[in-house]
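Numbering (the working numbering), first residue to last: 21 to 155.
Just so you know, even glycine gets a beta-carbon here, dropped at the ideal spot from N, CA and C.
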Ligand SMILES: [Zn+2]
Ligand SMILES: [Zn+2]
């Protein structure tokens with residue numbers, strides 16, 4: 021059931037959503053909050069978190085957990101995998117990765133799968149140029 025339209029909340033949600041849509045960096049809530057504050061100076065971090073939750077429930081954004089163990093947000097909900105760099109923690113979109121046929125999982129483990137997230141790890145192109153860290 022939908023509540024009555026509340027214009028202020030609608031505007032906040034739109035700004036939060038546009039902020040995520042305008043970047044490929046898979047930002048955290050803190051980063052989004054800083055950006056949103058430029059447009060809506062009175063917004064609180066709690067409001068940003070609440071809107072992120074709604075956008076996620078509506079299927080407009082995806083959550084990816086980075087090496088920092090924090091949630092990162094992605095407004096690109098088309099099918100794609102992610103690469104997370106072990107060194108700089110950057111989250112990079114990986115396209116063209118085929119889905120695993122998860123229907124067979126039901127036979128294997130009895131679970132009903134509704135989604136799958138593919139995450140690769142290693143060193144990104146930028147970090148490969150750097151000297152490997154000494155142990
Ligand atoms: Zn890197
Ligand atoms: Zn992505």
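Excluding sequence positions up to five before and after residue 79, its CB lies within less than 7 Å of the CB of 97, all in the same chain and listed in chain order. One alpha carbon belongs to residue 139, the other to residue 51, and they sit about 22 Å apart. Every beta strand (DSSP E) of 3 residues or more that sits fully in the region 47-87 is shown, in chain order, as 82-85.
Pairing residue 31 with residue 71, the inter-Cα distance amounts to about 10 Å. Residue 87 and residue 135 have their C-alpha atoms roughly 21 Å apart. Taking one beta carbon from each stretch, the region 32-45 and the region 59-70 have 3 or more pairs nearer than 8 Å; the two touch.
Boundaries of the alpha helix (DSSP H) around residue 37: 27-41. Taking all protein chains shown into account, residue 44 has fewer than 16 neighbouring C-beta atoms within 10 Å of its C-beta and is therefore exposed. Cβ contact annotation for residue 55 (same chain, cutoff 7 Å, sequence separation greater than five): 39, in chain order. Cα atoms of residue 121 and residue 144: separation of roughly 28 Å, rounded to the nearest angstrom.
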